[in-house]
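Remarks on the structure that follows.
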Amino acid sequence: DRLYRGVVGAGRITRRALDLRVDLTGDEHVPRVGPVVLAANHVSFLDFLLVGLTADSSGRLVRFLARHEVFEHWASRRLMTGMGHVPVDRRAPAAAYLHARRLLREGEAVGVFPEAGVSRSWTVRALMPGAVALARETGAPLLPVAVWGPQRLLTAKQRPEVRRGRPVTLVVGPPLDVSADAGVADAAEGTRLLGATLQRM
């Protein structure tokens, strides 16, 4: 994890350079040990860096699911693989699910953006069921994470707007029980509950 921690350090330098005013609440919900699924909305290309901050106080490194194209690019391939992130091929997503499930069973923190892409509508889009399915199958806590603000800097189909002092809000909600024991019928119902929770947050 030396490479990952080096990237985290570089991220701190970047945040200071941009003077991002990060307001983080609820990170006490991230367990210090054991599996956890962090399910976040997705508004910018900085979200990986920012959602990773939610695990800082617990000393965790988050293994994110990301589009497989990022793993194929010469500039990011070694970094993504070295940090233990999970490639997602949308044409065959089962491999990513199995990889993430294995990480959770090994006690890792796994980060998922269930919108499966950056949302430019500034509302939570319909979610893919993977995050909820992982939590239901492994028993890992499912933590909803709301991100707001970085879309003003770097988002999809928009020129970067680098201004210092931008506010960024990160909110980690309490564990969302999407199990059958909680009366949640299946992953589809749990995913609707996750989407409504993220939108409310």
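Under the numbering used here, the first residue of the sequence shown carries the number -2, and numbering increases by one thereafter.
Ideal placement from N, C-alpha and C gives every residue a C-beta, glycine not left out.
Nearest-angstrom Cα separation, counted from residue j out to residue i
i	j	result
G170	R122	18 angstroms
L58	V109	13 angstroms
D53	L195	21 angstroms
P84	R64	6 angstroms
M198	T51	15 angstroms
S55	V5	14 angstroms
D86	R18	34 angstroms
H82	R99	12 angstroms
T188	S176	11 angstroms
E25	L47	16 angstroms
E134	A97	11 angstroms
R70	G136	For the record, residue 70 in the displayed sequence is His; it is not Arg. Going from the Cα of H70 to the Cα of G136 covers about 34 angstroms.
Burial state of residue i, where buried means 16 or more other Cβ atoms lie within 10 Å
i	result
L139	buried
L191	buried
T22	exposed
T78	exposed
E112	buried
R29	exposed
Q155	exposed
S147	The identity of residue 147 in the sequence shown is Pro, whereas the question assumes Ser. Buried, because 16 or more other Cβ atoms sit within 10 Å of the Cβ of P147.
G49	buried
A106	buried
V144	buried
V165	buried
R88	exposed
A93	buried
Boundaries (first-last residue) of the alpha helix (DSSP H) holding residue i
i	result
G192	A184 to R197
L150	Unbroken run through L150: none, as it is neither H nor E.
E18	The question names Glu, but residue 18 is Arg in the sequence shown. Not the alpha helix (DSSP H): R18 falls in the beta strand (DSSP E), residues R18 to T22.
V5	R(-1) to L15
H96	A91 to R102
Residue i, enclosing beta strand (DSSP E) - first and last residue
i	result
L167	P164 to V169
P84	V83 to V85
Min CB distance residue i to chain C below 7 angstroms
i	result
H96	No chain C is part of this structure, which consists of one protein chain only.
Are at least three pairs of beta-carbons, each pair with one atom in the stretch 109 to 124 and one in the stretch 5 to 20, less than 8 angstroms apart?
no
Of all the beta strand (DSSP E) runs that stay within the bounds of the stretch 35 to 74, which reach a length of 3 or more residues?
59 to 64
Ignoring anything shorter than 4 residues or poking outside the stretch 109 to 140, list the alpha helix (DSSP H) runs there in chain order.
127 to 135
Between the stretch 31 to 51 and the stretch 121 to 135, do three or more beta carbon pairs fall short of 8 angstroms?
yes
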